[in-house]
Structure formats: structure tokens, C-alpha cells
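To start, the structure under review is shown below, and the notes come after it.
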Amino acid sequence: MNSDVRGTAWLAGTLRAWHLAILRYAVTLDNADRLAVLRIAREIDRLYPRQEDSTEFEFFRRTSAELCAAILQPNERAPALLQQYLARLDDDRLKRAFAAVIDASQPAASPISRPARQRNDLWKGLSSRSNH
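Per this note's numbering: the sequence shown = residues 1197 to 1328.
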């Protein structure tokens, strides 16, 4: 197996673990789960080369810290941040689970609406109880 393929598979698995760790933290709000999110984020960030302007690549650590803060103590910016993260999720099951945990409204298919029908003939043809 090619090392690029193994690297890609490892990265995909690590990204999935990161998403699942964020979901777990959203459910438990446990500090140990928050630390697991940050550990995985640090692991992913180490894969990317350093930029000239900065000492390290910090996208996943910064995103993780922002998401965990938004989950724990929502403020006026939190809903937009959580919706943005939700929109980036590719896995539908993970997206539905995360939306349920953060109580986000998922766009759903609108139900077919038809006017309520009067059921005046519901008891038609039945004898009354007094006849039994």
C-alpha cells in the first residue's frame, strides 16, 4: 500500500475522530472530553507545514477551542459558529446528531399541507349506544 494512501486514510480517520470527539463533548460537557478534542486537533495541526508568518499551523486547535467555548457558554456569536461547523460536516448521521445536541433546527422538507376535512359523516350508519 502506498504511503500517500495510508496517510490519507489516517487523516480521514483522525478527522472523523475529531468530529466524534466534538460531538461527545457537546453531549457530556466534560473537561476530559474537551481535552480529547484539543489533543486530536493538535495532532492534526502537526501534519501541516509551518507558514512563514507563524510558528505553527493552528487551525484545528483554534477551531476546537472556539467550538468548545460556544458549546459550553453560548454567546451572541455561538449560534453562527455552531451552524457554520454544522454546515461543514459531510456525514449526514453526524450532522443530525450534532444538530440534535446543540438544538439546531435542521432544514427539513416541508410537509404537504392540505386543509383539514370536516368529518361529519364519521358516525354515519352506526346505531346509537342507547339502541344496544
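Glycine included, each C-beta is placed from N, C-alpha and C at the ideal position. Quick caveat: nothing in here was measured; it's all calculated off a predicted structure.
query: Does the pairing of the stretch 1276-1287 with the stretch 1255-1266 give three or more beta-carbon distances under 8 angstroms?; result: yes
query: Starting from Phe1294, trace the alpha helix (DSSP H) in both directions and tell me its first and last residue.; result: 1288-1297
query: When you compare each of Asp1286, Phe1253, Asp1299 to Pro1270 by their alpha carbons, which one comes out closest?; result: Asp1299
query: Would you mind sorting Thr1259 into buried or exposed? The rule is 16 or more other CB atoms within 10 Å of its CB.; result: buried
query: Pull up the distance between the alpha-carbon of Ala1237 and that of Glu1272, whole angstroms please.; result: 25 angstroms
query: Taking the alpha-carbon of Asp1200 as reference, which of Ile1218, His1215, Leu1243, Ala1228 has the nearest alpha-carbon?; result: Leu1243
query: Based on Cα-Cα distance, which residue from Arg1257, Ala1261, Ala1208 lies nearest to Ala1274?; result: Ala1261
query: Rounded C-beta distance between Phe1142 and Trp1206? I'm assuming under 8 angstroms.; result: Residue 1142 lies beyond the residue range present for the chain, which begins at 1197 and ends at 1328; the question has no answer from this structure.
query: Go ahead and label Arg1235 buried or exposed: buried means 16 or more other beta carbons lie within 10 angstroms of its beta carbon, across all protein chains shown.; result: exposed
query: With Gln1280 as the anchor, note down where its alpha helix (DSSP H) starts and where it stops.; result: 1274-1284
query: With 16 other CB atoms within 10 Å as the buried threshold, where does Leu1231 fall?; result: exposed
query: Return the CA-CA distance between Thr1210 and Ile1240, expressed in angstroms with no decimal places.; result: 7 angstroms
query: So, for Lys1291: in the same chain, excluding its five sequence neighbours on each side, which residues have a beta-carbon less than 7 angstroms away from its beta-carbon?; result: Leu1282, Leu1285
query: State yes or no: is the C-beta of Val1233 within less than 8 angstroms of the C-beta of Ala1208?; result: no
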